[in-house]
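Before any comments, here is the structure.
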Amino acid sequence: MKLVPFLFCCLAIAANTAHAQNPTFTDETGTRLSGPAVGDTSEKDYGIGDFDNDGDDDIVIARRVGLDGNNGSPLPNILLRNDAGTLTDVTATLAPDLATSLRSRDVVVADFDADGWLDLMVANGPSNLPQLLMNLGESGGSWLGFDEMPALLPAGFNVDAWSVAAGDLTVDGDAYPDVFVGVRNGNDRLLVNLGDAGAGWLGFADESTRLGGNAITNAVRSVTIHDMNADGDMDIIEGVTGSGVLRMLANDGTGQFTGTPQTFMSSATYNHALGDLDDDGDLDIFGVQNGIDQYRTNNGPGAGDTILLGALASAPGTNGFGAICRVADLDANGFSDFLVCDLDQEFPQDCSRRLKFLYNAGSAPFLSDGYPTPTAWTPQGTSDVAIFDLDGDLDLDLLIGHCSGNSVFLQDGSLLPMEVFTRGDVNVDGGIDVSDAVALLDHLFSGGGALVCPDSGDVNDDGGLDVADAVFALAFLFSGGAAIPEPNACDVDPTADALDCPAFAPCP
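So the sequence shown is numbered by my numbering: it starts at 15 and just counts up by one.
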């Protein structure tokens with residue numbers, strides 16, 4: 015320990031902030047997708063889930079039609095099963111009710127009857143009832159597919175449904191998700207899941223009175239359900255076409271949404287997405303608008319049921335009408351990126367704009383145009399993109415719906431999800447104390463063996479392992495030294511170096 019004062023005088027700290035590499039994708043449509051979906055020129059809305067419980071994600075395609083004078087010609091929807099990395103059209107055999115020609119707008123995936131199998135609800139737009147398709151599970155090891163069960167919807171439930179989302183809206187804490195239905199012309203609906211009283215699942219009841227006057231809107235184009243204000247219950251976030259407002263209907267804790275909505279954006283916001291831009295644990299807000307899209311941070315709970323909002327920021331590279339926005343960490347740097355589609359379903363198909371990849375560097379202003387020059391995987395005229403691991407290699411792949419069809423793009427594998435660890439926890443015991451400095455010194459000078467997570471031993475974050483790291487740790491613990499650099503609690507390393515962390519048991 016007598017070496018410490020001398021070593022403090024010699025310590026130098028360097029930080030090297032890294033910019034993550036943009037993801038790259040290869041078009042493998044020819045070997046990964048077949049059938050009518052390849053050349054389908056309609057607008058699409060994707061639902062993703064492991065419908066057959068085999069460990070990989072499958073896709074349902076709600077085929078949207080443009081709102082011309084006749085509301086467009088009805089189209090059948092499509093079910094694609096993931097068969098070892100190939101998307102196979104199984105609509106005719108496993109979901110024949112999806113093949114009915116309709117004017118679908120949106121689809122939500124949830125386990126409505128809590129039987130362990132994901133179900134579907136499809137918003138079918140003008141002149142068509144919403145569809146409830148229940149997963150039949152399996153028999154003898156074979157998946158049985160979906161069956162439409164309209165009797166489980168409320169009697170007389172005939173609405174022009176444009177958007178749909180599922181979650182625990184009634185704050186009853188059970189395993190049966192409720193549903194919010196955004197209606198184009200008329201009152202929105204809140205469907206309460208009745209659960210199972212012992213004789214089988216009872217379906218839904220219409221309890222839209224829980225919305226009060228907030229049910230009266232002019233076309234809810236997009237809806238999500240999330241606990242935005244961190245009070246333990248689910249709120250409703252909706253984009254309202256008529257007013258162009260993106261707003262939150264806060265849950266009062268009893269499943270009522272009658273209070274004054276909080277406006278998040280008011281500049282012709284017709285679609286939206288939620289994602290953690292600043293990595294602070296709550297979801298921030300992205301609005302797809304008529305002109306340049308906007309986003310703002312959720313800065314935590316505010317007065318009453320509101321949230322504190324950061325300043326509005328413009329999304330680079332976006333302009334004109336937009337459509338669905340999807341969120342995922344595509345480049346595996348630990349921060350949410352945004353993919354913004356460009357087709358607006360209210361107007362005749364305009365395929366002149368393209369899909370935008372907005373890269374998140376993790377610090378303000380957060381989003382930048384990841385690919386200002388068009389690429390094969392940012393095509394023109396996109397209506398939706400499914401982000402999932404198609405081929406089971408642990409990185410994220412894309413199914414992109416565009417004016418010319420559906421295309422499969424596989425990520426090249428160079429950007430696997432980054433390791434998470436806590437810097438300074440050298441002995442990987444879940445805490446930081448003097449034993450960590452001892453473990454590092456033992457590794458460096460006493461033949462203590464390899465470190466389980468070398469990156470955790472780089473306490474001063476200079477990209478190497480040496481005695482200065484032990485000194486930094488001791489100063490932090492006992493001498494009021496500088497705080498240990500991030501990651502401080504099971505997160506990715508924000509700086510680039512040659513050290514890795516193949517295992518770190520305290521982190522999930």
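A virtual CB, placed ideally from N, CA and C, is assigned to each residue, including glycine. In this text, all values refer to a predicted model and were calculated from it rather than measured experimentally.
CB contact flag (residue i, residue j, <8 Å)
i	j	result
Asp-202	Val-195	yes
Gly-376	Gly-348	yes
Glu-57	Ser-397	yes
Asp-97	Phe-160	no
Leu-167	Phe-218	yes
Gly-209	Asp-188	yes
Ala-512	Gly-477	yes
Glu-221	Val-197	no
Leu-132	Gly-63	yes
Asp-249	Asn-265	yes
Leu-297	Arg-310	no
Arg-224	Asn-285	no
Leu-147	Leu-134	yes
Val-434	Leu-465	no
Inter-residue Cα distance where the pair is residue i and residue j
i	j	result
Thr-55	Asp-469	49 Å
Asn-84	Asn-313	Per-residue confidence for Asn-84 stands at a pLDDT of 49, beneath the threshold of 50, marking its modelled position as unreliable; no derived number is given.
Asp-514	Asp-59	39 Å
Ser-257	Ser-280	8 Å
Gly-463	Asp-456	8 Å
Pro-37	Gly-395	21 Å
Gly-384	Arg-368	13 Å
Asp-426	Asp-407	10 Å
Leu-372	Ser-460	48 Å
Asp-480	Pro-516	20 Å
Leu-47	Asn-502	43 Å
Phe-490	Val-448	10 Å
Gln-270	Ala-317	18 Å
Asp-443	Gly-155	42 Å
Ala-109	Leu-357	27 Å
Leu-204	Thr-238	13 Å
Ile-306	His-416	21 Å
Gly-200	Val-79	20 Å
Asp-507	Pro-393	32 Å
Val-122	Leu-454	50 Å
Leu-291	Glu-152	40 Å
Val-302	Pro-499	36 Å
Asp-364	Asn-304	14 Å
Leu-89	Thr-43	22 Å
Ala-325	His-240	21 Å
Cys-504	Pro-522	8 Å
Gln-308	Ser-177	21 Å
Nearest-angstrom Cβ-Cβ length linking residue i and residue j, presumed shorter than 8 Å
i	j	result
Ser-328	Val-341	So it is not a contact: roughly 18 Å between Cβ atoms.
Ser-421	Asp-41	6 Å
Phe-423	Ile-414	7 Å
Asp-247	Gly-226	At roughly 16 Å, the Cβ-Cβ gap does not stay under 8 Å, so Asp-247 and Gly-226 are not in contact.
Pro-191	Ala-124	5 Å
Val-354	Gly-334	Not a contact, Cβ separation roughly 11 Å.
Ala-211	Ala-175	Actually they are not in contact, since the Cβ atoms of Ala-211 and Ala-175 sit about 27 Å apart, beyond 8 Å.
Arg-261	Thr-277	5 Å
Met-242	Ile-321	5 Å
Arg-119	Ala-76	7 Å
Span of the alpha helix (DSSP H), counted from its first residue to its last, around residue i
i	result
Phe-459	448–459
Arg-46	43–46
Asp-483	481–492
Host beta strand (DSSP E) of residue i (start-end)
i	result
Ala-346	First-last for Ala-346: undefined, no H or E at that position.
Pro-468	That residue, Pro-468, is in no beta strand (DSSP E); its alpha helix (DSSP H) goes 468–471.
Leu-94	92–97
Gly-289	283–289
Asp-59	57–63
Ile-250	249–254
Asn-374	370–374
Phe-278	276–279
Thr-102	100–103
Thr-320	Premise fails: Thr-320 is in no beta strand (DSSP E) and is neither H nor E.
Ser-397	396–402
Thr-238	234–240
Ser-382	381–383
Ala-76	72–78
Phe-423	419–425
Met-299	According to the sequence as given, residue 299 is Ile; it is not Met. Segment 298–303, the beta strand (DSSP E) holding Ile-299.
beta-carbon residue i near the ligand FAD non-hydrogen atom, thresh 7 Å
i	result
Leu-322	Questions concerning the ligand FAD fall outside what the structure shown contains, since it holds no ligand whatsoever.
is_contact[residue i, chain B] using C-beta, thresh 8 Å
i	result
Gly-318	Absent from the structure is chain B; it holds one protein chain and no more.
Completely contained beta strand (DSSP E) runs for the segment 108–154, where each covers 3 or more residues: Counting only runs of 3 or more, we get 120–124, 133–137 and 145–149.
List, from N- to C-terminal side, the beta strand (DSSP E) runs of 3 residues or more that fit wholly inside the segment 149–215. List check, beta strand (DSSP E) in window: 160–162, 175–181, 192–197 and 203–207.
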